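What follows is a short report on a single structure.
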Amino acid sequence: MFDQSRAITTMNLRNLIQRPGTSFVVIIGIAGVVAVLVGLLAMAAGFNAALTTTAAPDRAIVLGHGSRNEMNSWLTNEELNIMSQLEGLEVASGELYAVVDLTQRDSGEQAYVVGRGITPAAYAVRPELTLVSGRFPQAGRSELLVGATAAREYLGLAIGDEVKLRDSVWQVVGHFDTGGTANESEVWMDLSLAKSVFRRNGVSTMRVRLSNANLMASVQEQIAGDPRLNISLVSEEEFYASQAEARTSLIETFTYFIASIMAVGAVIAALNSMYVAVHSRKVEIATLRALGFGQGPIISSVMVEALFLSAIGGTAGAALVYFGMNGYTTSTLNGASNTQVAFSFAVSPELLALGLVNALVLGLIGGFLPAIHAARAPITSALLGK
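Numbering-wise (our numbering), the sequence shown opens with residue 25 and increments by one.
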(Lines of atoms letter the chains of each structure in order from A and count residues from 1; the text may use other names and numbers.)
(Lines give C-alpha, C1' and ligand atoms only; values in the text may rest on other atoms or scores of the structure.)
Protein backbone atom coordinates (compact mmCIF):
# COMPACT_ATOMS: atom_id res chain seq x y z
CA MET A 1 0.00 0.00 0.00
CA PHE A 2 2.85 2.36 0.82
CA ASP A 3 4.47 1.75 -2.55
CA GLN A 4 1.16 2.43 -4.30
CA SER A 5 0.68 5.69 -2.34
CA ARG A 6 4.20 6.82 -3.13
CA ALA A 7 3.83 6.05 -6.83
CA ILE A 8 0.50 7.87 -7.21
CA THR A 9 1.62 10.83 -5.10
CA THR A 10 4.82 11.25 -7.12
CA MET A 11 2.83 11.19 -10.34
CA ASN A 12 0.31 13.75 -9.02
CA LEU A 13 3.02 16.15 -7.89
CA ARG A 14 4.81 15.91 -11.22
CA ASN A 15 1.56 16.73 -13.00
CA LEU A 16 1.01 19.93 -10.99
CA ILE A 17 2.96 21.91 -13.57
CA GLN A 18 0.33 20.94 -16.13
CA ARG A 19 -2.38 22.59 -13.99
CA PRO A 20 -0.85 25.96 -13.01
CA GLY A 21 -4.20 27.75 -12.87
CA THR A 22 -5.89 25.56 -10.26
CA SER A 23 -2.69 25.20 -8.27
CA PHE A 24 -2.15 28.96 -8.24
CA VAL A 25 -5.68 29.56 -6.89
CA VAL A 26 -5.03 27.33 -3.89
CA ILE A 27 -1.60 28.83 -3.20
CA ILE A 28 -2.82 32.43 -3.37
CA GLY A 29 -5.85 31.75 -1.19
CA ILE A 30 -3.82 30.06 1.54
CA ALA A 31 -1.06 32.68 1.33
CA GLY A 32 -3.62 35.45 1.84
CA VAL A 33 -5.07 33.83 4.96
CA VAL A 34 -1.65 33.23 6.49
CA ALA A 35 -0.42 36.75 5.66
CA VAL A 36 -3.45 38.38 7.30
CA LEU A 37 -3.37 36.08 10.33
CA VAL A 38 0.36 36.42 11.02
CA GLY A 39 0.49 40.12 10.10
CA LEU A 40 -2.28 41.22 12.45
CA LEU A 41 -1.09 38.99 15.28
CA ALA A 42 2.40 40.45 14.80
CA MET A 43 0.86 43.89 15.22
CA ALA A 44 -0.80 42.83 18.47
CA ALA A 45 2.44 41.26 19.69
CA GLY A 46 4.42 44.39 18.83
CA PHE A 47 2.00 46.68 20.63
CA ASN A 48 1.96 44.40 23.66
CA ALA A 49 5.75 44.24 23.70
CA ALA A 50 6.11 48.03 23.49
CA LEU A 51 4.12 48.40 26.70
CA THR A 52 5.12 45.33 28.69
CA THR A 53 8.85 45.71 28.01
CA THR A 54 8.61 49.20 29.52
CA ALA A 55 8.16 47.54 32.90
CA ALA A 56 10.95 46.54 35.25
CA PRO A 57 10.42 44.18 38.22
CA ASP A 58 11.92 46.67 40.69
CA ARG A 59 9.88 49.66 39.49
CA ALA A 60 6.41 50.80 40.44
CA ILE A 61 4.08 53.67 39.68
CA VAL A 62 2.21 55.69 42.28
CA LEU A 63 -1.29 56.71 41.18
CA GLY A 64 -3.94 58.89 42.77
CA HIS A 65 -6.64 56.94 44.58
CA GLY A 66 -9.05 55.28 42.16
CA SER A 67 -6.97 56.11 39.08
CA ARG A 68 -6.14 53.37 36.61
CA ASN A 69 -3.94 55.40 34.26
CA GLU A 70 -1.60 58.37 34.35
CA MET A 71 -3.96 60.71 32.53
CA ASN A 72 -6.57 60.66 35.31
CA SER A 73 -4.12 60.49 38.20
CA TRP A 74 -3.18 63.36 40.51
CA LEU A 75 -0.78 63.59 43.47
CA THR A 76 -0.36 66.53 45.83
CA ASN A 77 3.00 67.96 46.86
CA GLU A 78 2.40 66.66 50.40
CA GLU A 79 1.90 63.14 49.12
CA LEU A 80 5.11 63.41 47.11
CA ASN A 81 7.09 64.47 50.16
CA ILE A 82 5.69 61.66 52.29
CA MET A 83 6.26 59.05 49.61
CA SER A 84 9.90 60.05 49.13
CA GLN A 85 10.58 59.25 52.79
CA LEU A 86 9.20 55.71 52.80
CA GLU A 87 11.57 52.85 53.45
CA GLY A 88 12.52 50.66 50.51
CA LEU A 89 12.61 53.37 47.83
CA GLU A 90 15.94 53.88 46.09
CA VAL A 91 14.85 56.62 43.66
CA ALA A 92 11.56 58.52 43.32
CA SER A 93 10.56 60.66 40.34
CA GLY A 94 7.49 62.90 40.41
CA GLU A 95 6.22 63.33 36.84
CA LEU A 96 3.57 65.38 35.07
CA TYR A 97 1.56 63.60 32.37
CA ALA A 98 0.28 65.86 29.58
CA VAL A 99 -0.90 65.48 26.00
CA VAL A 100 0.76 67.36 23.13
CA ASP A 101 -0.37 67.68 19.50
CA LEU A 102 2.06 66.54 16.84
CA THR A 103 1.83 65.70 13.14
CA GLN A 104 2.36 62.15 11.91
CA ARG A 105 5.16 61.93 9.37
CA ASP A 106 3.50 59.36 7.06
CA SER A 107 -0.14 60.51 7.03
CA GLY A 108 0.18 64.20 7.91
CA GLU A 109 -2.62 63.77 10.44
CA GLN A 110 -2.65 65.18 13.95
CA ALA A 111 -1.75 62.82 16.77
CA TYR A 112 -1.94 63.06 20.54
CA VAL A 113 1.41 62.19 22.07
CA VAL A 114 2.51 61.90 25.70
CA GLY A 115 4.35 64.93 27.02
CA ARG A 116 6.11 64.14 30.30
CA GLY A 117 7.35 66.74 32.76
CA ILE A 118 10.37 65.36 34.58
CA THR A 119 13.30 66.07 36.85
CA PRO A 120 16.74 64.41 36.56
CA ALA A 121 15.40 61.70 38.86
CA ALA A 122 13.48 60.32 35.86
CA TYR A 123 16.79 59.20 34.33
CA ALA A 124 17.88 57.48 37.54
CA VAL A 125 14.58 55.61 37.78
CA ARG A 126 15.06 54.34 34.22
CA PRO A 127 18.70 53.21 33.99
CA GLU A 128 17.99 51.65 30.58
CA LEU A 129 17.65 55.14 29.08
CA THR A 130 20.52 56.20 26.86
CA LEU A 131 21.12 59.43 24.99
CA VAL A 132 21.50 58.62 21.28
CA SER A 133 22.06 62.15 19.99
CA GLY A 134 22.22 65.73 21.26
CA ARG A 135 22.22 66.41 24.98
CA PHE A 136 19.95 66.31 28.02
CA PRO A 137 17.73 69.36 28.64
CA GLN A 138 18.87 71.88 31.23
CA ALA A 139 16.64 72.56 34.21
CA GLY A 140 14.54 75.72 33.92
CA ARG A 141 14.92 75.97 30.13
CA SER A 142 12.31 75.34 27.43
CA GLU A 143 14.08 72.31 26.00
CA LEU A 144 12.75 68.94 24.92
CA LEU A 145 14.18 65.43 25.09
CA VAL A 146 12.42 63.29 22.48
CA GLY A 147 12.11 59.51 22.29
CA ALA A 148 13.86 58.00 19.27
CA THR A 149 10.63 56.42 17.99
CA ALA A 150 8.71 59.68 18.33
CA ALA A 151 11.43 61.49 16.40
CA ARG A 152 10.96 59.04 13.51
CA GLU A 153 7.16 58.98 13.60
CA TYR A 154 6.34 62.68 13.95
CA LEU A 155 7.37 65.83 12.12
CA GLY A 156 9.32 68.67 13.68
CA LEU A 157 11.23 66.69 16.29
CA ALA A 158 14.74 66.78 14.84
CA ILE A 159 17.43 68.24 17.07
CA GLY A 160 17.27 72.02 16.80
CA ASP A 161 13.59 72.08 15.75
CA GLU A 162 11.22 74.32 17.65
CA VAL A 163 7.92 72.94 18.92
CA LYS A 164 4.98 75.03 20.10
CA LEU A 165 3.30 73.73 23.24
CA ARG A 166 0.29 75.79 24.23
CA ASP A 167 1.56 79.37 24.20
CA SER A 168 5.27 78.65 24.54
CA VAL A 169 8.01 77.55 22.16
CA TRP A 170 10.37 74.71 23.04
CA GLN A 171 13.54 73.51 21.33
CA VAL A 172 14.45 69.86 20.76
CA VAL A 173 17.95 69.29 22.17
CA GLY A 174 18.26 65.51 22.39
CA HIS A 175 16.93 62.07 21.44
CA PHE A 176 16.83 59.12 23.82
CA ASP A 177 16.46 55.35 23.53
CA THR A 178 15.01 52.90 26.04
CA GLY A 179 15.28 49.67 24.07
CA GLY A 180 12.02 49.96 22.14
CA THR A 181 9.71 50.62 25.09
CA ALA A 182 6.65 52.88 25.10
CA ASN A 183 8.73 55.69 26.61
CA GLU A 184 10.34 56.19 23.21
CA SER A 185 6.99 57.50 21.94
CA GLU A 186 7.09 60.39 24.41
CA VAL A 187 8.37 63.95 24.58
CA TRP A 188 10.05 64.94 27.88
CA MET A 189 10.47 68.41 29.34
CA ASP A 190 11.39 70.23 32.55
CA LEU A 191 8.78 69.56 35.25
CA SER A 192 8.57 73.07 36.68
CA LEU A 193 8.07 74.67 33.26
CA ALA A 194 5.60 71.98 32.25
CA LYS A 195 3.48 72.80 35.30
CA SER A 196 3.38 76.43 34.21
CA VAL A 197 2.61 75.70 30.55
CA PHE A 198 -0.12 73.15 31.25
CA ARG A 199 -1.40 75.07 34.29
CA ARG A 200 -1.00 72.26 36.81
CA ASN A 201 -0.11 72.02 40.49
CA GLY A 202 1.46 68.89 41.89
CA VAL A 203 2.20 65.99 39.56
CA SER A 204 0.28 63.22 37.84
CA THR A 205 2.26 60.26 39.11
CA MET A 206 5.41 59.23 40.87
CA ARG A 207 7.70 56.61 39.36
CA VAL A 208 9.79 54.76 41.97
CA ARG A 209 12.61 52.26 41.85
CA LEU A 210 12.78 49.96 44.85
CA SER A 211 15.93 48.91 46.64
CA ASN A 212 14.76 45.36 46.02
CA ALA A 213 11.88 44.02 43.93
CA ASN A 214 10.75 41.96 46.92
CA LEU A 215 9.97 45.14 48.88
CA MET A 216 6.85 45.94 46.82
CA ALA A 217 4.45 44.53 49.43
CA SER A 218 6.30 46.31 52.24
CA VAL A 219 5.98 49.72 50.57
CA GLN A 220 2.30 49.06 49.86
CA GLU A 221 1.77 48.29 53.55
CA GLN A 222 3.44 51.57 54.54
CA ILE A 223 1.11 53.47 52.20
CA ALA A 224 -1.97 51.68 53.51
CA GLY A 225 -0.94 52.43 57.10
CA ASP A 226 -0.52 56.19 56.58
CA PRO A 227 -3.87 58.05 56.68
CA ARG A 228 -2.31 61.04 54.90
CA LEU A 229 -1.80 58.99 51.74
CA ASN A 230 -4.82 58.48 49.52
CA ILE A 231 -2.84 56.79 46.75
CA SER A 232 -2.00 53.36 45.35
CA LEU A 233 1.28 51.72 44.41
CA VAL A 234 1.17 49.41 41.39
CA SER A 235 4.07 47.46 39.98
CA GLU A 236 5.01 48.49 36.45
CA GLU A 237 4.52 44.93 35.28
CA GLU A 238 0.90 44.95 36.47
CA PHE A 239 0.27 48.49 35.24
CA TYR A 240 1.50 47.98 31.67
CA ALA A 241 -0.05 44.52 31.39
CA SER A 242 -3.40 46.12 32.19
CA GLN A 243 -2.76 48.92 29.69
CA ALA A 244 -1.91 46.45 26.91
CA GLU A 245 -4.65 43.92 27.57
CA ALA A 246 -7.66 45.76 26.15
CA ARG A 247 -6.04 46.88 22.89
CA THR A 248 -4.27 43.56 22.33
CA SER A 249 -7.51 41.62 22.90
CA LEU A 250 -9.33 43.87 20.43
CA ILE A 251 -6.69 43.37 17.74
CA GLU A 252 -6.62 39.60 18.27
CA THR A 253 -10.43 39.32 18.13
CA PHE A 254 -10.51 41.32 14.91
CA THR A 255 -7.68 39.21 13.51
CA TYR A 256 -9.39 35.88 14.07
CA PHE A 257 -12.69 37.24 12.75
CA ILE A 258 -11.15 38.44 9.48
CA ALA A 259 -8.92 35.38 9.16
CA SER A 260 -11.91 33.09 9.67
CA ILE A 261 -13.82 34.75 6.86
CA MET A 262 -10.81 34.52 4.58
CA ALA A 263 -10.24 30.90 5.61
CA VAL A 264 -13.74 29.95 4.49
CA GLY A 265 -13.01 31.51 1.10
CA ALA A 266 -9.66 29.72 0.89
CA VAL A 267 -11.24 26.36 1.73
CA ILE A 268 -13.92 26.86 -0.92
CA ALA A 269 -11.25 27.76 -3.46
CA ALA A 270 -9.21 24.70 -2.45
CA LEU A 271 -12.28 22.46 -2.71
CA ASN A 272 -13.12 23.75 -6.17
CA SER A 273 -9.52 23.49 -7.36
CA MET A 274 -9.06 19.98 -6.02
CA TYR A 275 -12.39 18.84 -7.45
CA VAL A 276 -11.31 20.23 -10.83
CA ALA A 277 -7.97 18.45 -10.49
CA VAL A 278 -9.64 15.16 -9.60
CA HIS A 279 -12.21 15.51 -12.37
CA SER A 280 -9.52 16.18 -14.99
CA ARG A 281 -7.76 12.95 -13.95
CA LYS A 282 -10.82 10.74 -13.39
CA VAL A 283 -9.96 8.37 -16.24
CA GLU A 284 -6.39 8.12 -14.99
CA ILE A 285 -7.55 7.46 -11.39
CA ALA A 286 -10.12 4.88 -12.56
CA THR A 287 -7.44 3.09 -14.59
CA LEU A 288 -5.22 2.86 -11.52
CA ARG A 289 -8.09 1.45 -9.47
CA ALA A 290 -8.85 -1.07 -12.23
CA LEU A 291 -5.22 -2.16 -12.10
CA GLY A 292 -5.56 -2.95 -8.39
CA PHE A 293 -4.63 0.30 -6.64
CA GLY A 294 -6.71 0.63 -3.45
CA GLN A 295 -8.81 3.52 -2.20
CA GLY A 296 -6.28 4.34 0.53
CA PRO A 297 -3.44 5.26 -1.84
CA ILE A 298 -5.85 7.32 -3.98
CA ILE A 299 -7.09 9.29 -0.96
CA SER A 300 -3.61 9.81 0.47
CA SER A 301 -2.24 11.03 -2.87
CA VAL A 302 -4.96 13.67 -3.25
CA MET A 303 -4.49 14.75 0.39
CA VAL A 304 -0.71 15.05 -0.03
CA GLU A 305 -1.26 17.15 -3.15
CA ALA A 306 -3.56 19.50 -1.22
CA LEU A 307 -1.10 19.69 1.68
CA PHE A 308 1.78 20.36 -0.71
CA LEU A 309 -0.03 23.31 -2.30
CA SER A 310 -1.10 24.59 1.12
CA ALA A 311 2.46 24.37 2.41
CA ILE A 312 3.68 26.45 -0.52
CA GLY A 313 0.92 29.02 0.09
CA GLY A 314 1.56 29.10 3.83
CA THR A 315 5.29 29.54 3.34
CA ALA A 316 4.71 32.31 0.80
CA GLY A 317 2.31 34.16 3.10
CA ALA A 318 4.60 33.81 6.12
CA ALA A 319 7.64 34.94 4.12
CA LEU A 320 5.73 37.95 2.79
CA VAL A 321 4.88 39.10 6.30
CA TYR A 322 8.30 38.34 7.77
CA PHE A 323 10.34 40.15 5.13
CA GLY A 324 7.79 42.90 4.51
CA MET A 325 6.55 43.73 8.01
CA ASN A 326 8.85 42.40 10.72
CA GLY A 327 10.32 45.41 12.52
CA TYR A 328 8.13 47.88 10.63
CA THR A 329 7.31 50.78 12.95
CA THR A 330 3.87 52.32 13.16
CA SER A 331 1.64 53.76 15.88
CA THR A 332 -1.82 53.19 17.27
CA LEU A 333 -4.05 54.73 19.88
CA ASN A 334 -3.58 53.47 23.41
CA GLY A 335 -7.18 53.35 24.60
CA ALA A 336 -6.15 53.62 28.24
CA SER A 337 -4.55 57.04 27.74
CA ASN A 338 -6.00 58.25 24.40
CA THR A 339 -2.49 58.92 23.14
CA GLN A 340 -0.44 57.39 20.33
CA VAL A 341 2.02 54.61 21.11
CA ALA A 342 4.58 53.71 18.47
CA PHE A 343 5.59 50.07 18.15
CA SER A 344 7.22 47.64 15.74
CA PHE A 345 5.60 44.58 14.21
CA ALA A 346 6.98 41.48 15.91
CA VAL A 347 6.89 38.44 13.61
CA SER A 348 8.10 35.69 15.92
CA PRO A 349 8.92 32.05 15.05
CA GLU A 350 5.81 31.05 17.01
CA LEU A 351 3.58 33.19 14.80
CA LEU A 352 5.20 31.82 11.64
CA ALA A 353 4.62 28.28 12.90
CA LEU A 354 1.00 29.15 13.71
CA GLY A 355 0.52 30.43 10.17
CA LEU A 356 1.98 27.28 8.63
CA VAL A 357 -0.13 25.01 10.85
CA ASN A 358 -3.26 26.90 9.81
CA ALA A 359 -2.24 26.55 6.16
CA LEU A 360 -1.92 22.78 6.52
CA VAL A 361 -5.25 22.53 8.33
CA LEU A 362 -6.94 24.42 5.52
CA GLY A 363 -5.24 22.11 3.04
CA LEU A 364 -6.54 19.05 4.87
CA ILE A 365 -10.08 20.42 4.90
CA GLY A 366 -9.92 21.47 1.27
CA GLY A 367 -8.51 18.16 0.07
CA PHE A 368 -10.57 15.69 2.11
CA LEU A 369 -13.87 15.65 0.17
CA PRO A 370 -12.22 15.63 -3.29
CA ALA A 371 -10.02 12.76 -2.10
CA ILE A 372 -13.04 10.73 -0.96
CA HIS A 373 -14.81 11.51 -4.23
CA ALA A 374 -11.82 10.33 -6.27
CA ALA A 375 -11.58 7.06 -4.35
CA ARG A 376 -15.31 6.20 -4.44
CA ALA A 377 -16.26 7.20 -7.98
CA PRO A 378 -17.62 4.20 -9.96
CA ILE A 379 -14.74 2.74 -11.99
CA THR A 380 -16.82 1.93 -15.07
CA SER A 381 -18.37 5.39 -15.34
CA ALA A 382 -15.00 7.08 -14.76
CA LEU A 383 -13.34 4.98 -17.48
CA LEU A 384 -16.05 6.08 -19.90
CA GLY A 385 -15.37 9.73 -18.95
CA LYS A 386 -18.73 10.16 -17.26
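All residues carry an ideal CB built from backbone N, CA and C; glycine is no exception. What you are looking at is a predicted structure, and each value in this text was computed from that prediction instead of being measured.
DSSP, read as helix, strand or coil, puts residue 352 in coil. By the criterion of a C-beta distance shorter than 8 Å, residue 375 is surrounded in its chain by 62, 65, 66, 69, once the five residues flanking it on both sides are discounted. Within the same chain, Cβ atoms closer than 6 Å to the Cβ of residue 344 are found at 59, the five residues on either side in sequence being excluded. The three-state reading of DSSP puts residue 271 in helix, counting H, G and I together. Close CB contacts of residue 85 within its chain, under the 7 Å cut and outside five residues either way in sequence, are with 229, 231, 258, 260, 263 (chain order). In the DSSP secondary-structure assignment, residue 49 is not bridged to any residue. Taken atom to atom, the span from the alpha-carbon of residue 351 to that of residue 368 is near 5 Å. Residue 103: not part of any beta strand (DSSP E); member of the alpha helix (DSSP H) spanning 101-107, first to last residue. By the beta-carbon neighbour count (other beta carbons within 10 angstroms, threshold 16), residue 334 is buried. Contact annotation, residue 193 with residue 183: C-beta distance approximately 15 Å; criterion of less than 8 Å not satisfied. In this structure, the straight-line span from the alpha carbon of residue 129 to that of residue 243 is close to 43 Å.
The distance from the Cβ of residue 386 to that of residue 342 is about 14 Å, inconsistent with a contact at the 8 Å cut-off.
Membership of residue 83 in the beta strand (DSSP E) is indicated by the continuous run 83-88. Here residue 349 has 63, 66, 369, 371 as same chain residues with Cβ atoms under 7 Å from its own Cβ, once five neighbours each way along the sequence are excluded. DSSP places residue 364 in no alpha helix (DSSP H) but in the uninterrupted beta strand (DSSP E) bounded by 363-368. Bounds of the alpha helix (DSSP H) holding residue 240 are 240-248.
In this structure, the straight-line span from the alpha carbon of residue 51 to that of residue 287 is close to 13 Å. Counting every other CB atom within 10 Å of its CB across the protein chains shown gives residue 73 a total of 16 or more, marking it as buried. Residue 118 has its alpha-carbon roughly 9 Å from the corresponding atom of residue 226. One alpha carbon belongs to residue 95, the other to residue 123, and they sit about 9 Å apart.
In this structure the stretch 159-168 touches the stretch 197-213; the number of beta carbon pairs closer than 8 Å is three or more. Residue 63 sits in a helix when the DSSP states are folded into three classes. A direct Cα-to-Cα measurement between residue 337 and residue 55 gives close to 4 Å. In this structure, the straight-line span from the alpha carbon of residue 289 to that of residue 47 is close to 15 Å.
Around residue 202, the same chain offers 150, 152, 153, 208 as residues with beta carbons nearer than 7 Å, after the five sequence neighbours per side are excluded. For residue 205, same chain residues with a beta-carbon under 7 Å away, outside a window of 5 residues either side, are 74, 77, 78 in chain order. By the beta-carbon neighbour count (other beta carbons within 10 angstroms, threshold 16), residue 321 is buried.
Of the residues assessed, residue 191 falls on the exposed side of the cut-off, its CB having fewer than 16 other CB atoms within 10 angstroms.
Residue environment analysis places residue 285 among the exposed positions, since fewer than 16 neighbouring C-beta atoms fall within 10 angstroms of its C-beta.
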